[in-house]
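> Sharing a structure, written as structure tokens. Questions coming.
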Amino acid sequence: MTGKEPLWTIAELERALAGEAREVIGQCAGPLGPVVTDSRRISRGCIFIAIRGAKFDGHDFVAGASAAGAGAVVVEHRVEGCSCPQIVVRDTLDAYGAIARFWRRRFSSPVICVVGSNGKTTTTQMIASILRAACGEAHALATERNFNNQIGVPMMLLKMRETTQYSVIEAGMNHPGEMSRLASFIRPTVVVVTNAQREHQEFLDGVEASARENGLAIVSLPDNGVAVLPQTDGCAQIWADLARARGCRTLWYAHGGESEVTVRRSAGGLTLSLADGRAAQIEFSLPGEHVAHDAAAAAAASLAAGVPLDAVVRGLAQFRPVKGRGVHHRLSSGAVVVDEAYNANPDSMRAAIEVLGAMQGPRILIAGDMAEVGDASEAAHAEIGAFAREKGIEEFWCAGEQMKAAAAAFGPAARHFETTQALQEAAIDAAKRPVSMLLKASNCMGFSKIVDALLQGA
């Protein structure tokens, strides 16, 4: 994404923070921008937001930001030693969202919001590939990495420019109330829901609660907005009711079966069929039924945003998965390593096991604890071990306290490692032979380091 850096006046910043600001200290006549939260990215004239995090407090860096040339700072209290204007607010995280919301209102180009339990990042990046095919990389904005929360979403929205023709923003949540807040920043014209599955069950009371929370993005749609919904999902009616109550249009999609936008596996790729009779063949070699489902979601969302069909076809053909989200690596030994190390919950773990089960043996599932599963954690982990055995996975290796239940359910052939380091050493040794190996765990387990070690030894 390219484009001239935006400039703010102090008056615009105060308007953006109307209702948030308690005091303005100092005056600034010159232009300001860009907006940053990372003290390592300070540039002359920037607006530094001092956000309090789990490990750092942005207020500790305010004086340094001022000395480095920041044009203004947004803080929760007056900071001594700061020579630039200070806008004092009740909560800097709320202020950051308010600034992003104000900025978003400047633009009228289509904005797709991706929500759901699983597949959000893959669907988002598929849409990003489609948007780049439609208008070029310089005119398409897409969520980067995992910037889908109350800090990441504003960061992405503040990258919008007059030259932006399409945007796709991923929105993630793990607590009630978060989605409506994020959606108020994004103000989407299209919302695509990937699915409702067992995510963040420690904080959400069941799959239906997750579906309703994600569905709050639909409530944020304008009158001419489009809710893009998975036809075969068990919670589809919840989202359809929300769209009907909002008065916006729905567009249904499916992988297999019949829908308004349908994707089916075919020789050499995918067949995309539309309700109006149009169809297209797409070169697409990525395995997994869940990946084909994501492709259907991406195609439907892009079409709802007004992207031409030919760009949808080209964009999906050009798509490549991102690190930690299903990338396949072939090592010099002949081993194939599938990197699913970024995240895991019971349903995404089952989908990954389906992929491994379809690969050439011998197959090794390397699994780590699934976080935020809640009171059902032991049963959920045991389910994974039993499912891996059912799918004929020859070897099951795991680490993490919760994965002991999975190892027990898999049976005597399972190996539970007390540390991820020991697991890593065993994986490196196993990769010296032509095995199919899939690694999946919640991000807190640090399995990406195991993947990196495997690739370094390739």
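The opening position of the sequence shown corresponds to residue 728 in my numbering, with each subsequent residue numbered one higher.
Every residue, glycine too, gets a C-beta built ideally from N, C-alpha and C.
Please read these numbers as outputs of a predicted model, since none were measured by experiment.
Compute the beta-carbon to beta-carbon distance between arginine 831 and leucine 884, rounded to the nearest angstrom, for a pair I have assumed lies under 8 Å.
Their Cβ separation, rounded to whole angstroms, is 5 Å, which keeps arginine 831 and leucine 884 in contact under 8 Å.
> Identify the residues that DSSP records as bridge partners of serine 993: which are they?
Paired residues: Gly996.
> So for phenylalanine 829, helix, strand or coil by DSSP?
Residue state, collapsed to three classes: helix.
> Can you list, in chain order, the residues of its chain with a C-beta nearer than 6 Å to that of leucine 978? Leave out the 5 residues immediately preceding and following it.
Val953, Val955, Glu987, Ala1027 and Ala1031, listed in sequence order.
> Label lysine 1167 either buried or exposed according to how many other C-beta atoms from any shown protein chain fall within 10 Å of its C-beta, with 16 as the threshold for buried.
The residue is buried, with at least 16 neighbouring Cβ atoms inside 10 Å.
> Among residues of its own chain, excluding the 5 on either side of arginine 914, which ones have a beta-carbon nearer than 6 Å to its beta-carbon?
These residues qualify, in order along the chain: Arg831.
> Which of the three DSSP states, helix, strand or coil, is assigned to methionine 1164?
Methionine 1164: strand per DSSP, three-state reduction.
> With 16 other CB atoms within 10 Å as the buried threshold, where does alanine 1109 fall?
Alanine 1109 is buried by the Cβ-count criterion.
> With distances taken from CA atoms, which of Phe775, Glu1152, Gly843 and Phe783 is nearest cysteine 811?
Residue Phe775 is the option with its Cα nearest to cysteine 811.
> In its own chain, which residues sit with a C-beta less than 7 Å from the C-beta of alanine 792, not counting the 5 before and 5 after it?
The residues are Ser766, Ile769, Phe775 and Val800.
> Could you have a look at glycine 730 and say whether DSSP puts it in helix, strand or coil?
For glycine 730, the pLDDT reaches just 47, beneath the cut-off of 50, and the residue's location in the model is therefore unreliable, although a value from the coordinates is still provided. Note: glycine 730 maps to coil in three-state DSSP.
> Kindly indicate the opening and closing residues of the beta strand (DSSP E) around alanine 682.
Not covered by the structure: residue 682. The range shown for the chain is 728 to 1185.
> What does DSSP give as the partner residue(s) for histidine 1056 in the beta ladder?
Note: histidine 1056 sits in a beta bridge opposite Val1064.
> Kindly list the residues whose CB is nearer than 7 Å to the CB of phenylalanine 1114, restricted to its own chain and excluding five residues on each side of it in sequence; keep chain order.
Only Arg1077 and Ile1080 meet the Cβ criterion.
> Exposed or buried, what is phenylalanine 1174 when buried is set at 16 or more other beta-carbons lying within 10 Å of its beta-carbon?
When all chains shown are included, phenylalanine 1174 counts as buried.
> Spatial neighbours of cysteine 809 within its chain, please: CB distance less than 7 Å, with the 5 preceding and 5 following residues excluded, ordered by chain position.
Counting only Cβ-Cβ distances below 7 Å, and skipping sequence neighbours, we find Val789, Ala790, Ser793 and Val800.
> Could you tell me which of Glu985, Val1162, Cys1171 and Leu1036 sits nearest to tyrosine 1069, measuring between CA atoms?
Cα-wise, what sits closest to tyrosine 1069 is Cys1171.
> Kindly list the residues whose CB is nearer than 6 Å to the CB of phenylalanine 829, restricted to its own chain and excluding five residues on each side of it in sequence; keep chain order.
So the qualifying residues of the chain are Ala743.
> Would you be able to state if there are at least three C-beta pairs under 8 Å between the stretch 1099-1108 and the stretch 861-878?
The stretch 861-878 vs the stretch 1099-1108: no contact.
> For valine 841 versus glutamate 905, is the C-beta spacing smaller than 9 Å?
Not a contact, by the Cβ cut-off of 9 Å.
> Over the uninterrupted beta strand (DSSP E) stretch that includes cysteine 840, give me the two end residues.
Cysteine 840 -> beta strand (DSSP E) spans 838-842.
> Identify which residue in Asn901, Asn875 and Pro949 has its Cα closest to the Cα of serine 835.
The option with the nearest alpha carbon to serine 835 is Pro949.
> Threonine 851 CB to nearest chain B CB: under 9 Å?
No chain B appears in the structure shown, which is made up of a single protein chain.
> Leaving out five residues before and five after glutamate 747 in sequence, what residues of the same chain have Cβ atoms less than 7 Å from its Cβ?
Closer than 7 Å at Cβ, skipping near neighbours: Val816, Arg817, Asp821, Ala822 and Ala825.
> Whose CA, out of Glu1152, Met887 and Leu969, lies closest to the CA of alanine 938?
The option with the nearest alpha carbon to alanine 938 is Leu969.
> Restricting to runs no shorter than 3 residues, where is the beta strand (DSSP E) found entirely within the stretch 779-819?
Qualifying beta strand (DSSP E) stretches, in chain order: 799-802 and 813-816.
> Quick one: what's got a C-beta closer than 6 Å to serine 844's C-beta in the same chain, skipping five residues either side?
Answer for serine 844: Asn922, Ala923, Gln924, Glu926 and Ser937, listed in chain order.
> Would you report the Cα separation of proline 1139 and lysine 1118, rounded to the nearest angstrom?
Spanning the two alpha carbons is a distance of roughly 16 Å.
> Quick check on the DSSP output: the beta strand (DSSP E) that includes glutamine 958 runs from which residue to which?
Where glutamine 958 is concerned, there is no enclosing beta strand (DSSP E), given that its DSSP letter is neither H nor E.
> To the nearest angstrom, how far is it from the Cα of isoleucine 814 to the Cα of glutamate 750?
Each residue's alpha carbon lies about 6 Å from the other.
> Name, in chain order, the residues that DSSP records as bridge partners for leucine 909.
DSSP output for leucine 909 lists no bridge partner at all.
> On a CA-only basis, which of Cys1125, Cys975, Thr998 and Gln754 is nearest glutamate 985? Give me that one, please.
Of the candidates Cys1125, Cys975, Thr998 and Gln754, the one whose C-alpha sits nearest the C-alpha of glutamate 985 is Thr998.
> Report the partner residues of arginine 976 according to the DSSP bridge assignment.
Answer by DSSP bridge pairing, in chain order: Val953.
> For alanine 1126, which residues from the same chain have a beta carbon less than 6 Å from its beta carbon, with the 5 sequence-adjacent residues on both sides left out?
Excluding sequence neighbours, alanine 1126 sits near Gly1095, Phe1144, Thr1147 and Leu1150.
> For the alpha helix (DSSP H) that contains arginine 749, what are its first and last residues?
Not the alpha helix (DSSP H): arginine 749 falls in the beta strand (DSSP E), residues 748-752.
> What are the boundary residues of the beta strand (DSSP E) that leucine 948 is part of?
Counting along the chain, leucine 948 falls outside any beta strand (DSSP E), and DSSP gives it neither H nor E.
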